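Visitor: Here it is, the structure in full.
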Amino acid sequence: MFAEYYASSGGYTVSGEFPSVVDRGDVVCIKSSYYTCNLCHRWLASVPVSAVEKAFPSVGKLAKVEVTQRNGLGPLGGRVVTVEIIGTTGAEVSASSSALGALISVNNQDDCASDWYAVTNGP
Numbered sequence: 115m116f117a118e119y120y121a122s123s124g125g126y127t128v129s130g131e132f133p134s135v136v137d138r139g140d141v142v143c144i145k146s147s148y149y150t151c152n153l154c155h156r157w158l159a160s161v162p163v164s165a166v167e168k169a170f171p172s173v174g175k176l177a178k179v180e181v182t183q184r185n186g187l188g189p190l191g192g193r194v195v196t197v198e199i200i201g202t203t204g205a206e207v208s209a210s211s212s213a214l215g216a217l218i219s220v221n222n223q224d225d226c227a228s229d230w231y232a233v234t235n236g237p
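Here's what the structure looks like:
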């Protein structure tokens, strides 16, 4: 039998294409109201527009990224299943959440990547 445990799964485990989070000592952590033991529990990634345009060149200049489907399990409606990349060429690229994985991972200080996120389009 093969079994996996995800410390930061929010109570809903799912296999996927995102890499595991390195254990950074959360087994010895003392929780408080302002600190969570897993550094990747809450994270922020600011992905440059140029990085998205390079990864999805058919859209031209990026207009917005929209989450179009979630799995329905947990906060925000659950994990992202698909996103829509919309640009100035009129092309709308539907992509799996993991298609943004590399962009998300390299654009946050803790190198956290997950398919449980919200997208805010802005400057």
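Numbering-wise, the sequence shown is residues 115 to 237 according to the numbering used here.
Beta carbons are placed, not taken as given, at the ideal position from N, Cα and C, and that holds for glycine.
In this text the structure is predicted, and so the values were computed from the model without any measurement.
Tell me the rounded alpha-carbon separation between D140 and F170.
Guide: Summary for D140: the model assigns pLDDT 46, below 50, so the residue's position carries little reliability; its value from the coordinates is reported in the next sentence. Approximately 36 Å between the Cα atoms of the pair.
Visitor: For D229 versus R193, is the C-beta spacing smaller than 9 Å?
Guide: Yes, they are a contact pair.
Visitor: Can you give, in chain order, each stretch of the alpha helix (DSSP H) that sits fully within the stretch 149 to 234 and has at least 4 residues?
Guide: The qualifying runs are 163 to 169, 215 to 220.
Visitor: Are the beta-carbon atoms belonging to V173 and I200 less than 9 Å from one another?
Guide: yes
Visitor: Just how far apart, CA to CA, sit A243 and V163?
Guide: Missing from the structure shown is residue 243; the chain here goes from 115 to 237 and no further.
Visitor: Could you give the distance in angstroms between the alpha-carbon of V197 and the alpha-carbon of Q223?
Guide: 23 Å
Visitor: Under a Cβ-count criterion, where at least 16 other Cβ atoms within 10 Å of its own Cβ denotes burial, should L190 be classed as buried or exposed?
Guide: exposed
Visitor: Taking the alpha carbon of S211 as the reference point, which residue from V220, K175, V181 has its own alpha carbon closest?
Guide: V181
Visitor: When the Cα atoms are used, what is the spatial distance from L176 to T202?
Guide: 7 Å
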